[in-house]
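According to the working numbering, the sequence shown holds residues -6 to 153 in order.
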Amino acid sequence: MTLRVGLGYDYHRLVEGRKLILGGVEIPFSKGLAGHSDGDVLTHAVCDALLGAAGLGDIGQFFPDTDPKWKDASSLALLARVVEAVGEQGLAVVQVDTVIIAQQPKLAPHFPRMREKLAEVLGVEPAQIGVKAKTTEGLEAIGRGEAMAAQAVALLESTH
Ligand code: MG
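Rendered as structure tokens:
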């Protein structure tokens, strides 16, 4: 069995007048993440981890931000497209683990729903998805509530 590992990282500005979407879940908050799509920094990091593991480049190559098709798109739709491409390479998801870096709001109550949503698109069980969160202790742009970041690793296995 061949195993492949990939790493993903993303960083988005927090702005007023946008919904906050993380892992496909809308979270009540005074700001949301800027971006061409819905700005879902967590799902974007997962996309990049999968693309990296499959040797397929990155999310910027896959979904150019000049493409009107992805304007305000749900990032879960982007992830579904990535999963399809990874599947075409003969690879399936074994495990995905993630960290969200955000000062506010409290995210832990939303982890189960994020894991369910991501697992559904990835075609795995929620137990195969990890979601955690860290603050930056109030330091730097994330600590000032100006941005959020996310990191992800994906483990894929060959299906043949
Ligand atoms: Mg992004």
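Ideal Cβ positions, reconstructed from N, Cα and C, are used throughout, including at glycine.
Bridge partner(s) assigned by DSSP for residue i
i           : result
residue 125 : 92
residue 15  : 18
residue 140 : 6
residue -1  : 147
6 Å CB neighbourhood of residue i in its chain, flanking five on each side removed
i          : result
residue 13 : 20, 22 and 25
residue 82 : 47
residue 57 : none
residue 32 : 5 and 26
residue 51 : 41 and 44
residue 53 : none
Cβ shell of residue i (< 7 Å), same chain only, five flanking positions each side left out
i           : result
residue 109 : 119
residue 88  : 121 and 148
With 16 other Cβ atoms within 10 Å as the buried cut-off, status of residue i
i           : result
residue 153 : exposed
residue 59  : exposed
residue 30  : buried
residue 27  : exposed
residue 3   : buried
residue 96  : buried
For residue j and residue i, believed in contact at Cβ under 8 Å, the rounded distance
i           : j           : result
residue 7   : residue 141 : 6 Å
residue 73  : residue 114 : 5 Å
residue 136 : residue 130 : 6 Å
residue 126 : residue 92  : 7 Å
residue 84  : residue 150 : 7 Å
Min CB distance residue i to chain C below 7 Å
i          : result
residue 56 : This model lacks chain C altogether, as it is built from one protein chain only.
Beta-carbon proximity list for residue i, same chain, < 8 Å, skipping 5 on both sides
i           : result
residue 144 : 0, 1, 2, 38, 91, 92 and 94
residue 105 : 119
> Which parts of the segment 18 to 98 are runs of the beta strand (DSSP E), unbroken and 3 residues or longer, counting only runs that do not cross its ends?
Replying inline: 18 to 20, 24 to 26 and 84 to 94
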